[in-house]
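Participant:
In our numbering, the protein residues as written are 356 to 440.
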């Protein structure tokens, strides 16, 4: 779902990835929604911010899944697997 490239010169791991990313969805009075992507630490080794490459399709699918669940629209849970970059 997400991949990071670390810009820290002293970092041992230059790349990392994870299927774990926070999904925060806000509803507005106009019946609109917002699902921002927040900056997260790039790698656990150096704990610095890096360059985020997000799989937008997977993120959108997760947001749509949550919205359907909240609206009580029947939907099947999807199994998420880490995709190789």
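Ideal placement from N, C-alpha and C gives every residue a C-beta, glycine not left out.
Out of 385, 414, 383, 384, which one is the CA nearest neighbour of residue 392?
Facilitator: Here residue 392 refers to the residue found at position 37 when the chain shown is read from its first residue. Residue 414 is the option with its Cα nearest to residue 392.
Participant: Apart from the five residues on each side of it in sequence, which residues of its chain come closer than 7 angstroms, Cβ to Cβ, to residue 427?
Facilitator: To locate residue 427, count along the chain shown from 1; it is residue 72. Nothing meets the Cβ criterion.
Participant: Along the alpha helix (DSSP H) that carries residue 413, what are the first and last residues, could you check?
Facilitator: Looking up residue 413 in the chain shown gives position 58. Where residue 413 is concerned, the enclosing alpha helix (DSSP H) stretches over 411 to 425.
Participant: What three-state label does DSSP hand residue 386 in the structure shown?
Facilitator: The residue labelled residue 386 in the question sits at position 31 within the chain shown. Coil.
Participant: Using only the alpha-carbon positions, how far apart do residue 410 and residue 381 sit?
Facilitator: Taking the chain shown and counting its residues from 1, the one referred to as residue 410 is at position 55. Taking the chain shown and counting its residues from 1, the one referred to as residue 381 is at position 26. Their Cα atoms are separated by approximately 21 angstroms.
Participant: Rounded to the nearest angstrom, how far is the Cβ of residue 456 from that of residue 408, given a contact under 8 angstroms?
Facilitator: Since the first residue of the chain shown is 356 and the last is 440, residue 456 is not available in this structure.
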